[in-house]
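Working notes, structure below.
Number of protein chains: 2
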Amino acid sequence: MKLSTRGEYGLRAMFDLALRYGAGPISLKSISERQDISSNYLEQLISVLRKSGLVKSVRGSQGGYFLGKKPADITVGDIIRVLEGPIAPVDCVSEDQTDLCHRAESCIARSVWKKVKDSINEVIDSITLEDMIQESENVKNNNPTHFI
Amino acid sequence: MKLSTRGEYGLRAMFDLALRYGAGPISLKSISERQDISSNYLEQLISVLRKSGLVKSVRGSQGGYFLGKKPADITVGDIIRVLEGPIAPVDCVSEDQTDLCHRAESCIARSVWKKVKDSINEVIDSITLEDMIQESENVKNNNPTHFI
DNA sequence: TCTATATCGTAGCAATTTGGTAGGGTATTG
DNA sequence: CAATACCCTACCAAATTGCTACGATATAGA
Numbered sequence: 071m072k073l074s075t076r077g078e079y080g081l082r083a084m085f086d087l088a089l090r091y092g093a094g095p096i097s098l099k100s101i102s103e104r105q106d107i108s109s110n111y112l113e114q115l116i117s118v119l120r121k122s123g124l125v126k127s128v129r130g131s132q133g134g135y136f137l138g139k140k141p142a143d144i145t146v147g148d149i150i151r152v153l154e155g156p157i158a159p160v161d162c163v164s165e166d167q168t169d170l171c172h173r174a175e176s177c178i179a180r181s182v183w184k185k186v187k188d189s190i191n192e193v194i195d196s197i198t199l200e201d202m203i204q205e206s207e208n209v210k211n212n213n214p215t216h217f218i
Numbered sequence: 071m072k073l074s075t076r077g078e079y080g081l082r083a084m085f086d087l088a089l090r091y092g093a094g095p096i097s098l099k100s101i102s103e104r105q106d107i108s109s110n111y112l113e114q115l116i117s118v119l120r121k122s123g124l125v126k127s128v129r130g131s132q133g134g135y136f137l138g139k140k141p142a143d144i145t146v147g148d149i150i151r152v153l154e155g156p157i158a159p160v161d162c163v164s165e166d167q168t169d170l171c172h173r174a175e176s177c178i179a180r181s182v183w184k185k186v187k188d189s190i191n192e193v194i195d196s197i198t199l200e201d202m203i204q205e206s207e208n209v210k211n212n213n214p215t216h217f218i
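Below is the structure:
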C-alpha cells in the first residue's frame with residue numbers, strides 16, 4: 071500500500087514551484103538540487119505534469135517551469151492522480167474500471183475498498199498547494215498548526 | 071496507489087472463513103474454488119495469516135483452516151497489514167521507519183502523507199469481519215445499508 | 001496399517017514495474 | 001552564434017508481483 075516515488079517527488083517539485091509562484095520560470099536544475107532528485111528523472115515526471123497543464127514551461131536560456139494555476143487551485147490529488155494514475159486500492163473500484171467482476175454489485179470486499187478509496191480521495195482533494203505554503207509558514211514561525 | 075493482490079485475495083479468503091466461522095476446519099481447496107484464486111498461491115498467503123495467528127489450521131484428512139478469533143475481533147486492517155506490511159504512502163511515515171530524512175520534522179510533504187496514512191488506517195481499523203457479514207446479510211435481504 | 005486427503009515449505013520463474021541513466025534534438029537569450 | 005535549458009526517446013538493472021511446481025508431513029477413516 072505505497073505510492074511510488076513519482077507521486078512523492080512530484081509533490082515535492084510542485085510545492086517547490088508553489089513557494090516560488092509569480093517569480094518567473096524556475097529551472098529544473100534548481101528544483102532537482104533543492105529537492106535532491108535526479109534531474110533526468112525529474113524531467114520525466116515534470117513532463118507529465120506539463121502535459122496535464124498543472125505546470126507550464128518556457129524553453130531556452132533563462133527558461134524553466136512554473137505553475138499553470140494558482141497554488142490555491144491545485145490540490146495534492148490533482149498531482150498524485152496525474153503521476154500515479156487513479157487512486158484505487160484494487161482495480162474493481164477504479165474510475166476507469168474496464169474489468170468489473172461479475173459479482174461486483176454484491177461484493178462486500180469491494181465495498182470495503184470503495185470506502186478506503188473515498189477516504190484517501192477526501193484527504194488529498196482537500197489539501198491545496200496554498201494550504202501547504204500556509205503550513206510551512208506556520209512551522210517557520212514556531213506555530214505548528216499540525217499539532218493542534 | 072494500489073494494493074497488491076495479496077491484500078485483495080487475503081481479505082476475500084478471510085471473509086470466506088468468517089462466513090463459515092464455527093463450522094469446523096475449511097479446506098483451502100474449497101476457499102480457492104469459491105473465491106476463484108489459485109490454490110497454490112492462496113496457500114502462501116494463508117500461511118502468512120496463520121503465522122500471524124489470524125487463522126489456525128488442522129492438518130491431515132478433513133483438515134483445513136479457521137479463524138483464530140471471532141469475526142468481530144478481526145479488522146480489515148489486521149489482515150492488510152499482515153499481508154502487505156504497514157500502511158504508508160511513503161516510507162518516511164511508516165511505523166517501522168528506519169530511514170527518516172533529515173528534514174522530517176519540518177517537511178510539509180511528509181505531513182500530507184501522514185494525513186493520508188491516518189485516514190486509511192481509520193477506515194480499515196474500523197471495519198471488522200463481523201461488520202462485513204452484517205452487510206452481506208443486508209444485501210441479501212435487499213436492504214443495502216451501503217446506499218443509505 | 002494403508003491410503004486418500006490436506007496442510008506445510010521452499011524453489012523457481014516470466015512478466016511487469018520501478019527508478020533511474022544516457023544522449024541527442026530544439027528553442028531562446030544575450 | 002554560443003550558452004542555457006527545455007524536450008524526447010531509448011535503454012537498463014534491480015526489485016516486485018503473481019504465480020507454478022513439487023515434495024514432505026500429518027491425520028482420519030477404511
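Note that the protein sequences, when read in sequence, are chains A and B. Using the working numbering, you'd call the opening residue of the first sequence number 71 and step up by one each time. Using the working numbering, you'd call the opening residue of the second sequence number 71 and step up by one each time. For glycine and all other residues, C-beta sits at the position ideal for the given N, C-alpha and C.
Which residue comes first and which comes last in the alpha helix (DSSP H) that contains residue i?
{"i": "residue 111 of chain A", "result": "109-121"}
{"i": "residue 98 of chain A", "result": "98-105"}
{"i": "residue 199 of chain A", "result": "199-210"}
{"i": "residue 189 of chain A", "result": "178-196"}
Hey, could you find the ends of the beta strand (DSSP E) residue i is sitting in?
{"i": "residue 125 of chain A", "result": "125-128"}
{"i": "residue 147 of chain A", "result": "Careful: residue 147 of chain A lies outside any beta strand (DSSP E), inside the alpha helix (DSSP H) at 146-154."}
{"i": "residue 91 of chain A", "result": "Counting along the chain, residue 91 of chain A falls outside any beta strand (DSSP E), and DSSP gives it neither H nor E."}
{"i": "residue 227 of chain A", "result": "What the structure shows of chain A is the stretch from 71 to 218, and residue 227 of chain A is not part of that stretch, so it cannot be assessed."}
Our contact map puts residue i next to residue j with C-beta atoms below 8 Å; I'd like the distance itself, whole angstroms only.
{"i": "residue 137 of chain A", "j": "residue 91 of chain A", "result": "5 Å"}
{"i": "residue 81 of chain B", "j": "residue 182 of chain A", "result": "7 Å"}
{"i": "residue 156 of chain A", "j": "residue 143 of chain A", "result": "Actually they are not in contact, since the Cβ atoms of residue 156 of chain A and residue 143 of chain A sit about 21 Å apart, beyond 8 Å."}
{"i": "residue 193 of chain B", "j": "residue 186 of chain A", "result": "5 Å"}
{"i": "residue 160 of chain A", "j": "residue 112 of chain B", "result": "Contact flag wrong, Cβ pair sits at about 16 Å."}
{"i": "residue 243 of chain B", "j": "residue 71 of chain A", "result": "Here chain B covers residues 71 to 218 and nothing more, so residue 243 of chain B does not appear."}
Within this structure, are the beta carbons of residue i and residue j separated by less than 7 Å?
{"i": "residue 83 of chain B", "j": "residue 101 of chain B", "result": "yes"}
{"i": "residue 99 of chain A", "j": "residue 109 of chain A", "result": "yes"}
{"i": "residue 96 of chain A", "j": "residue 123 of chain A", "result": "no"}
{"i": "residue 146 of chain B", "j": "residue 197 of chain B", "result": "yes"}
{"i": "residue 178 of chain B", "j": "residue 205 of chain A", "result": "yes"}
{"i": "residue 78 of chain A", "j": "residue 141 of chain A", "result": "no"}
Inset, instruction - Could you tell me whether the region 178-197 of chain A touches the region 116-130 of chain A, using the rule of 3 or more Cβ pairs below 8 Å? - result: no
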